[in-house]
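Protein chains: 2
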Amino acid sequence: MTRQNNQTAATPQGARKSTGLRQVAAIAGVSTATVSRVLNNPHSVSEGLRTRVMMVIDQLGWVPNAAARALSSNRTGAVGAIFPTLGVGDFARAIDAMQDALSARNYLLLLARSRYDADLELVQARKLVERGVDGLILVGRTRSAEYEQFLDRLSIPYLNAFVYDEATPAPCVGPDNARAMAEMVDYLVSLGHRRFGMIAQTTRNNDRAAARRDGVRDALARYGLAIQPQAMAEGEWSIAEGRKLLRLTLEATPRPTAIICGNALLAIGAVLEAAAIGVAVPEDLSIVGYDDTEMMSELPTPVTTVRVASEQVGQCAADLIIDMLEGKSPVTGARIPSEIVVRQTTGPVPHK
Amino acid sequence: MTRQNNQTAATPQGARKSTGLRQVAAIAGVSTATVSRVLNNPHSVSEGLRTRVMMVIDQLGWVPNAAARALSSNRTGAVGAIFPTLGVGDFARAIDAMQDALSARNYLLLLARSRYDADLELVQARKLVERGVDGLILVGRTRSAEYEQFLDRLSIPYLNAFVYDEATPAPCVGPDNARAMAEMVDYLVSLGHRRFGMIAQTTRNNDRAAARRDGVRDALARYGLAIQPQAMAEGEWSIAEGRKLLRLTLEATPRPTAIICGNALLAIGAVLEAAAIGVAVPEDLSIVGYDDTEMMSELPTPVTTVRVASEQVGQCAADLIIDMLEGKSPVTGARIPSEIVVRQTTGPVPHK
DNA sequence: TTGTACGCGTTATCAC
DNA sequence: GTGATAACGCGTACAA
């Protein structure tokens, strides 16, 4: 950058330089310390000076320099978050809520995306830390040893969102994925279903998906039931995938009478495909999803699904991380409630 | 923060402090300047020193402090972007692409959201600038005088995404919304349609929506056609809204034979509602949308729509802003192509 | 090619 | 309550 080596160089105005708190102080006739206090701890400054300084500040349109502030205070006022993907229903809603909550408490959100790739996630975490985020919001709770170690050595707090478990080193904020699915199983069993199929989201690098799958398995086991291998499919999150996997699971013999889907897009695909191939829902087949996006209630046959208050996940995560940052009382995680929304894709098991 | 006023204080190791480039330099037996150069301009350092320094760096696991770097170099390596909303199809895809492109060139994306609120957008812009972003990616090109003035005084570059116009102060990267809609009108007219309805996205604080609406109007005018007031509806971006507004436009007499929707969700709602109320598509009514999300092709009746390469918008915007930052050749905007994807919601005008 | 030394714009400590 | 002033950790003219 351009340097100003001659301190006594005569600037047109005779003054010294343009930018900064220093100039505000000069014009207001106070010290730089006072200007700083007016911004960061207004009550420690007498009202007279405070208003005087404030006037100069917005007369000059001065904006404090975040980098200098960060360097000096060793805090950036930024929180990092790493999501597998940004554009998917529940995450998108959570991100919105997170941003609002952070913004309300004067923090900035730095958003990164891992694409469900464990290595990339570590890279992103490093980048965020390098940028000086004060805290980190992560999704899920299982990670590689290297990643775990990185987090351990970190001097900043972090939390796990979208999962809930009390026994993790860092607090969790999210629904109990397994329990939500177990409740869904209870409901379906109460309708008389005994033969189940599942279209799960790929469980690789995704402990929420794994928890949902295991939740289904364990709940079924409690009834002495199990999903036969051919009726168990895994796929990505797309409608097309849901269609394909529905056909697959329906090939199992005997055919399942209920299909449980691991996310909204898979469920939408399954429901659309059932209609397309002439399988009557819910008369011949019940289908349920996970996550309640607008589409779930607007499809020709509205879909029974698990509703998680994602906005609440986002907001709680934001508030919690700030509490940790600001050293609030013993911070503990939060289990975000989920509920089953019964619509028209579920019904009693077919007779024959 | 904790200060270290006694420079000669004997640390256990006899050395001075923990953090930093300084320590790397000491251990590697070089000057701080050399360490800095190894990072920022490797070729100006002899290979021997370079490797030696590199070894020390990753042996210590040292990570340069972004704030200090920013303060000293007056650049942060961060680009800000303000989107109306993050979770909607085309924006979500563009954001993903933007992040990848920026990341590839070692920049970070700071994302903000304006909720289609002009005041909030200015607030967010200020925040981003305060954070020291090197450049700004904005959506659309029309803004308040105050906002305009703010941008003028800014010493960092910015661009307008998702619109295209050659005559703006800052470059544009996006589709020609009006032209895309005009092409759609041409297509529908060629099918024989003469009575049109439109379900537009609210045009308040949204010049893309306005351009699409005007594009339709102007194109129709060239055929001597116009949309009657009762067949012209405006709404938010939701499926429910699309359903409601379809019913509204169909009440116009004589009833339109083709409905043009301003975005994907509105189109999905319109198509679903038509099916729900027993209006045959495309036999009795043609419906088209804008933006090609997965749902558009997966609905029971796949929807004819305008496809814009949003990923390309994101990527070009990212590359362009970096070019501006790094002072590349006379930077100019880019018109991103759009195309009409004909599916099954459009057909010849009904006879009667 | 390499080293020295200063300054980037704040915050925070200390004395008043 | 207010003012001096020393860091914060790095980049970079300039000298060597």
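These protein sequence lines map, in sequence, to chains A and B. Every letter in the first sequence is one number past the one before it in the numbering used here, and letter 155, counting from 1, is 155. Every letter in the second sequence is one number past the one before it in the numbering used here, and letter 83, counting from 1, is 1083. Glycine included, every Cβ here is placed at the ideal spot set by N, Cα and C.
Query, Result
"When the Cα atoms are used, what is the spatial distance from Leu108 of chain A to Arg255 of chain A?", "51 Å"
"Taking C-alpha atoms, which residue in A:Pro169, A:Ser44, A:Gly269, A:Asp58 lies nearest to Ala28 of chain A?", "A:Asp58"
"Under three-state DSSP, which class holds Ile1340 of chain B?", "strand"
"Going by CA-CA distance only, name the one from A:Arg212, A:Met296, A:Ala309, A:Leu320 that's closest to Thr345 of chain A.", "A:Met296"
"Check each residue of the segment 115-137 of chain A: if its Cβ is closer than 8 Å to any Cβ of chain B, include it; give the result in chain order.", "Arg126, Lys127, Val129, Glu130, Arg131, Gly132"
"Suppose the cutoff is 6 Å on Cβ atoms and the five residues either side in sequence are ignored; what does the same chain contact list for Ala1026 of chain B look like?", "none"
"Using DSSP with H/G/I as helix, E/B as strand and the rest coil, what is Ser286 of chain A?", "strand"
"Measuring CA to CA, which of A:Glu148, A:Gly140, A:Leu136 is closest to Ile156 of chain A?", "A:Leu136"
"Check whether the Cβ atoms of Thr1076 of chain B and Gly1020 of chain B lie closer than 9 Å to each other.", "no"
"Should Asp1058 of chain B be listed as close to the ligand PLP, given that the test is whether its C-beta is under 8 Å from any heavy atom?", "Here there are no bound small molecules, and the ligand PLP is not part of this structure."
"Would you say the segment 1037-1053 of chain B touches the segment 1076-1093 of chain B, given that touching needs at least three Cβ pairs under 8 Å?", "no"
"Can you tell me the Cα-Cα spacing of Tyr1147 of chain B and Lys1127 of chain B, whole angstroms?", "13 Å"
"Got a sec, what are the start and stop residues for the beta strand (DSSP E) Arg113 of chain A sits in?", "108-113"
"Are the CB atoms of Gly1174 of chain B and Arg1208 of chain B within a distance shorter than 9 Å?", "yes"
"Got a sec? Which residues, its chain only, sit under 8 Å from Pro64 of chain A by beta carbon, not counting five neighbours each side?", "Leu21, Leu39"
"Using the C-alpha atoms, what's the distance from Gly1242 of chain B back to Val1281 of chain B?", "15 Å"
"Let's test the definition: count the other Cβ atoms within 10 Å of the Cβ of Tyr353 of chain A and tell me whether it reaches 16, buried, or not, exposed.", "One cannot answer for residue 353 of chain A here, as it falls past the ends of chain A, which runs 1 to 352."
"Are any of the Cβ atoms in chain A nearer than 9 Å to that of Thr1346 of chain B?", "no"
"On the three-state DSSP scale, how would you describe Gly1242 of chain B?", "helix"
"Ala318 of chain A and Ile336 of chain A - do their beta-carbons sit closer together than 9 Å?", "no"
"Determine the contact status of Met232 of chain A and Ala200 of chain A, defining contact as a CB-CB distance below 9 Å.", "yes"
"Apart from the five residues on each side of it in sequence, which residues of its chain come closer than 8 Å, Cβ to Cβ, to Ala226 of chain A?", "Arg217, Leu220"
"Label Met1 of chain A either buried or exposed according to how many other C-beta atoms from any shown protein chain fall within 10 Å of its C-beta, with 16 as the threshold for buried.", "At Met1 of chain A, the pLDDT of 37 sits below 50, so the modelled position is not reliable; the number obtained from the coordinates is stated separately. The residue in question, Met1 of chain A, is exposed, as its Cβ has fewer than 16 Cβ neighbours within 10 Å."
"I'd like to check one pair, Leu299 of chain A with Ile259 of chain A: are the Cβ atoms closer than 9 Å?", "no"
"Just grab the DSSP bridge partners of Ser259 of chain A for me.", "Before going on, a small fix: residue 259 of chain A reads as Ile here, not Ser. According to DSSP, which records beta bridges pairwise, Ile259 of chain A is partnered with A:Gly197, A:Ile287."
"Rounded to a whole number of angstroms, what is the C-alpha to C-alpha distance between Ala1210 of chain B and Ile1340 of chain B?", "19 Å"
"Could you check if Gly347 of chain A is buried or exposed, using at least 16 other CB atoms within 10 Å of its CB as the buried criterion?", "buried"
"So which residues of chain A does Thr1076 of chain B contact, with C-beta pairs closer than 8 Å?", "Ala67"
"Excluding sequence positions up to five away, which residues of its chain have a Cβ less than 6 Å from the Cβ of Leu248 of chain A?", "Ala233"
"Applying a beta-carbon distance threshold of less than 7 Å, which residues of chain B neighbour Gln360 of chain A?", "Residue 360 of chain A lies beyond the range of chain A shown here (1 to 352); nothing can be said about it."
"Can you check which of these residues, A:Met55, A:Val129, A:Met98, is closest to Met311 of chain A by C-alpha distance?", "According to the sequence as given, residue 311 of chain A is Glu; it is not Met. Closest by alpha carbon: A:Met98."
"Relative to the C-alpha of Asn1191 of chain B, which candidate in B:Arg1307, B:Thr1257, B:Pro1229 has its C-alpha closest?", "The residue you asked about is not Asn; residue 1191 of chain B is Leu in the sequence shown. Nearest option by C-alpha distance: B:Thr1257."
"Can you round the beta-carbon distance between Ala1264 of chain B and Val1288 of chain B to whole angstroms, since I take them to be within the 8 Å contact cut?", "About 11 Å separates the two Cβ atoms, so there is no contact after all."
"Give every residue of the same chain whose Cβ lies closer than 8 Å to the Cβ of Ser31 of chain A, excluding the five residues on either side of it in the sequence, and list them in chain order.", "Ala25"
"Just the chain B side, please: which residues come within less than 8 Å of Val63 of chain A by C-beta, in chain order?", "Arg1126, Val1129, Glu1130"
"With a threshold of 9 Å between beta-carbons, can Pro1157 of chain B be considered close to chain A, or not?", "no"
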